[in-house]
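Beneath this line is the structure, given in structure tokens, with notes to follow.
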Amino acid sequence: MLRVDQVVSGYGPIDVLNHVTISLDKGEIVAVLGANGAGKTTLLRTITGLIRVRKGSVTFDDQVLNGLSPAEVVRCGISHVPEGRHIFPDLTVEENLLLAAYAMPRGQQKSRLEAMYAMFSILADRRRQAGGTLSGGEQQMLALARGLMPNPRLMLLDEPSLGLAPKVIGTVFETLVHLRESGVSVLLVEQNAKRSLEVADRAYILVTGRIALEGTAHELEANDMVKQLYLGGIQ
Amino acid sequence: MNIFANLVLRGLATGAVYALVGMGIVVILQTTNVMNFAQGDTGMFVTYLAFFMITTAKVPYSLVLVLAIVAGAVIGLIVERFMMRSVRSRSHLSLIMLTLGLSLVFQGLAAFLFNTVPLLFPPLVTGDPVRLGPVILSRQDIVVLLAAIVVFGALYLFLYRTKQGVAARSISQDEYAARVLGIPTPSIYMLIWAIGSALAGLAALLIVPRFSLEPSFMGLIQVKAFSAIVLGGMDSVFGAAVGGLIIGVVENLVAYQFPAIKDSFMLIVVVIVLLVMPQGLFGKRQQRRF
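Residue numbers (my numbering), protein chains in the order written: chain L, -15 to 219; chain U, 14 to 303.
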């Protein structure tokens, strides 16, 4: 479904990603793990067109995404939930959600909105409240709901567990499993390797802009290097 | 008492002028974080175009008003598309300097094309001043006041009730997030520049009958409009409107007693307000990206 093929991209004079190749099939949760600065966020930004592909190609269901604007990529069926949630603090919950389905006709927007309120009841209670007044966990729910608003086939998730209480993290990862059941594929970028490998089907390990290791979640959980570097030592 | 009421009302009419210019500046500033120093002179240039539409082409007044608004919008589109867009990713300061340069370009262009001889712009509305009880107002002043109210209402509806308006507000809060969500930010920037510059044209056209039309006639008004938005808080259209009205009224009251200090007095008031309330009277927060 998604193919990132030999992609090089970066900022200014620096290439952050060096010939990165990953793929994702329909209905999969794929995790990309790696330390700070490995290029995880850059990878997501490159897929959604926030930064330019310098070499290689990104294809989604046989459509080449190279050179498309973020707005066009969203219309292809890919949504992006950025790291740090990026809720609009002075807009209401409802305005935050509606903006995520900017290109949709009004009637469809309304039905997506109701679907989101059904899935995240906490947001329904707070629909007229400013985004900045929500708690961290509620903001992450809003960020997830914003990612789902345009009815994507693939959702890119950047560090959804960052800065959240363990209980809330549990809820976030449960939501991902629900999503997979409803047919939405997920590309998950995380530092929390343990949690990610629990929900993911497959995973890639990104080290300084290159894919160092790939395999099914089980294979990686059992890998000694992964255990040592990402799962907190050998149990 | 009668004198006082008259001074206040006349002051409101003057303030409505500052409010109109200020609201245009704030709309652009809010979304793009660019302080448009060319706001006044965009209006000046449009007013010259309007002048020749009226005097040489004999276009009816109501149509000229519409054409002036359209001309302002077109200038805004061009400025955004061909100047701001290519520089935006590089340096924020250059954007602001560009608007300053643009202001000089408009003044030079006007002087070159239309000469610097002051022209008398025919009043928009003619007729005797209107008496409202003890207060006497010229019809022109009433039109300006009404225009300020209508523009304020329209901007408010745009920013809070249309999806493009909500998108503009989202960009002002978090431009990165807006792009991530797939909001077509380049077209929103163009729309905002068009609206802001259209307001510049409208404002200048409503004001010009009080002055004479010459390349520098918007200079002092622009300074007052800046004071208005600083006073009202740089991030709210409401603040710009109220700030403009306050400046107009205070200025008019001071001018009655001490005409020589009316312009400087207002600046002192602004400084004092800012010492106590750095975010302005109605600003929610200080500007972040400067």
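Ideal Cβ placement from N, Cα and C applies to all residues, glycine included.
Using alpha carbons as the reference points, say which of the options lies closest to residue i.
{"i": "VAL42 (chain L)", "options": "L:ILE71, L:LEU17, L:VAL0, L:VAL(-8)", "result": "L:VAL(-8)"}
{"i": "VAL164 (chain U)", "options": "U:LYS237, U:GLN120, U:ASN15, U:ALA29", "result": "U:ALA29"}
{"i": "ASP221 (chain L)", "options": "L:ALA206, L:ARG130, L:ASP46, L:GLY21", "result": "Outside the shown range of chain L, which is -15 to 219, sits residue 221 (chain L), and nothing can be said about it."}
{"i": "PHE58 (chain U)", "options": "U:VAL87, U:THR139, U:ASP154, U:VAL72", "result": "U:VAL87"}
{"i": "GLY33 (chain L)", "options": "U:SER240, U:LEU194, U:ILE155", "result": "U:LEU194"}
{"i": "ALA19 (chain L)", "options": "L:ARG194, L:ARG69, L:GLN175, L:LEU197", "result": "L:GLN175"}
{"i": "VAL236 (chain U)", "options": "U:LEU22, U:LEU20, U:VAL255, U:ALA51", "result": "U:ALA51"}
{"i": "ALA187 (chain L)", "options": "L:THR200, L:ILE(-2), L:PRO150", "result": "L:THR200"}
{"i": "ILE139 (chain U)", "options": "U:PRO197, U:ARG223, U:ILE196, U:TYR189", "result": "In the sequence under discussion, the amino acid at residue 139 (chain U) is Thr, which differs from the Ile named in the question. Nearest option by C-alpha distance: U:ARG223."}
{"i": "ALA84 (chain U)", "options": "U:SER99, U:PHE64, U:ARG101", "result": "U:PHE64"}
{"i": "ILE109 (chain U)", "options": "U:ASP276, U:ALA181, U:MET96", "result": "U:MET96"}
{"i": "THR76 (chain L)", "options": "U:LYS71, U:ILE67, U:SER183, U:ALA238", "result": "U:SER183"}
{"i": "ARG192 (chain U)", "options": "L:ALA84, L:THR155, L:MET133", "result": "L:ALA84"}
Between the C-alpha atoms of residue i and residue j, what's the straight-line distance to the nearest angstrom?
{"i": "LEU126 (chain L)", "j": "ALA108 (chain L)", "result": "10 Å"}
{"i": "ILE259 (chain U)", "j": "LEU25 (chain U)", "result": "8 Å"}
{"i": "LEU294 (chain U)", "j": "SER104 (chain U)", "result": "30 Å"}
{"i": "ALA123 (chain U)", "j": "VAL48 (chain L)", "result": "49 Å"}
{"i": "GLY115 (chain L)", "j": "LEU226 (chain U)", "result": "48 Å"}
{"i": "ILE16 (chain U)", "j": "LEU212 (chain U)", "result": "32 Å"}
{"i": "LYS176 (chain U)", "j": "GLN92 (chain L)", "result": "14 Å"}
{"i": "VAL267 (chain U)", "j": "MET279 (chain U)", "result": "9 Å"}
{"i": "ALA32 (chain U)", "j": "GLN123 (chain L)", "result": "37 Å"}
{"i": "PRO136 (chain U)", "j": "PHE104 (chain L)", "result": "59 Å"}
{"i": "VAL92 (chain U)", "j": "MET88 (chain L)", "result": "29 Å"}
{"i": "ILE162 (chain U)", "j": "THR159 (chain L)", "result": "48 Å"}
{"i": "GLU182 (chain L)", "j": "HIS162 (chain L)", "result": "14 Å"}
{"i": "PRO199 (chain U)", "j": "LEU128 (chain L)", "result": "25 Å"}
{"i": "ARG110 (chain L)", "j": "LEU215 (chain L)", "result": "37 Å"}
{"i": "THR30 (chain L)", "j": "GLY261 (chain U)", "result": "51 Å"}
{"i": "GLY56 (chain U)", "j": "LEU81 (chain L)", "result": "37 Å"}
{"i": "ASP54 (chain U)", "j": "LEU158 (chain U)", "result": "21 Å"}
{"i": "GLY68 (chain L)", "j": "LEU141 (chain L)", "result": "11 Å"}
{"i": "ALA149 (chain L)", "j": "LEU118 (chain L)", "result": "15 Å"}
{"i": "ILE71 (chain L)", "j": "HIS64 (chain L)", "result": "13 Å"}
{"i": "ARG301 (chain U)", "j": "PRO54 (chain L)", "result": "Residue confidence is low: ARG301 (chain U) scores 45 on pLDDT, short of 50, so the model does not pin down where it sits. Its coordinate-derived value is still stated next. Rounded to the nearest angstrom, the two C-alpha atoms are 25 Å apart."}
{"i": "GLY121 (chain U)", "j": "GLY(-4) (chain L)", "result": "38 Å"}
{"i": "ARG23 (chain U)", "j": "LEU204 (chain U)", "result": "34 Å"}
{"i": "ASP154 (chain U)", "j": "PRO142 (chain U)", "result": "9 Å"}
{"i": "VAL0 (chain L)", "j": "ALA22 (chain L)", "result": "8 Å"}
{"i": "THR192 (chain L)", "j": "VAL4 (chain L)", "result": "11 Å"}
{"i": "ILE13 (chain L)", "j": "LEU172 (chain U)", "result": "39 Å"}
{"i": "VAL21 (chain U)", "j": "ASN265 (chain U)", "result": "7 Å"}
Following the continuous alpha helix (DSSP H) through residue i, name the residue where it begins and the one where it ends.
{"i": "ASN19 (chain U)", "result": "15 to 45"}
{"i": "ARG130 (chain L)", "result": "120 to 132"}
{"i": "LYS151 (chain L)", "result": "150 to 165"}
{"i": "ASP208 (chain L)", "result": "208 to 214"}
{"i": "LYS71 (chain U)", "result": "Run containing LYS71 (chain U): none; DSSP gives neither H nor E here."}
{"i": "SER7 (chain L)", "result": "No alpha helix (DSSP H) contains SER7 (chain L), which is instead part of the beta strand (DSSP E) from -2 to 8."}
{"i": "GLY214 (chain U)", "result": "198 to 220"}
How far does the beta strand (DSSP E) with residue i in it extend, from its first residue to its last?
{"i": "MET(-15) (chain L)", "result": "From DSSP, MET(-15) (chain L) is part of no beta strand (DSSP E); its letter is neither H nor E."}
{"i": "VAL173 (chain L)", "result": "169 to 174"}
Which residue or residues does DSSP assign as beta-bridge partners of residue i?
{"i": "GLN226 (chain L)", "result": "No information on residue 226 (chain L) is available, as it lies outside the stretch -15 to 219 that chain L covers here."}
{"i": "SER247 (chain L)", "result": "Because chain L spans -15 through 219 in this model, residue 247 (chain L) falls outside it and cannot be assessed."}
Return yes when at least one heavy atom of the ligand GTP lies under 6 Å from the C-beta of residue i, else no.
{"i": "SER119 (chain L)", "result": "Inclusion of the ligand GTP in the displayed structure is not the case, the ligand content being empty and no account of it being possible."}
Residues within the stretch 194 to 226 of chain U neighbouring chain L, beta-carbon criterion of under 7 Å:
LEU194, GLY195, ILE196, PRO197
Of the residues that make up the stretch 115 to 149 of chain L, which ones have a beta carbon closer than 8 Å to any beta carbon in chain U?
ARG130, PRO134
Cβ-based contacts, 7 Å cut-off: residues of the stretch 150 to 166 of chain U near chain L
Contact annotation: in the stretch 150 to 166 of chain U, no residue has its CB less than 7 Å from a CB in chain L.
Using a Cβ cut-off of 8 Å, which residues of the stretch 175 to 186 of chain U contact any Cβ in chain L, in chain order?
LYS176, VAL179, ALA180, ARG182, SER183, GLN186
Residues within the stretch 66 to 78 of chain L neighbouring chain U, beta-carbon criterion of under 7 Å
PRO66, HIS70, PHE72, PRO73, ASP74, LEU75
Members of the stretch 82 to 110 of chain L that neighbour chain U once the beta carbon cut-off is set at 8 Å
LEU82, LEU83, ALA84, TYR86, ALA87
Residues, ordered as in the chain, of the stretch 18 to 44 of chain L that lie near chain U by beta-carbon distance below 8 Å
THR32, LEU34
Residues in the stretch 47 to 59 of chain L having any Cβ partner in chain U nearer than 9 Å
SER53, PRO54, ALA55, GLU56, VAL57, VAL58, ARG59
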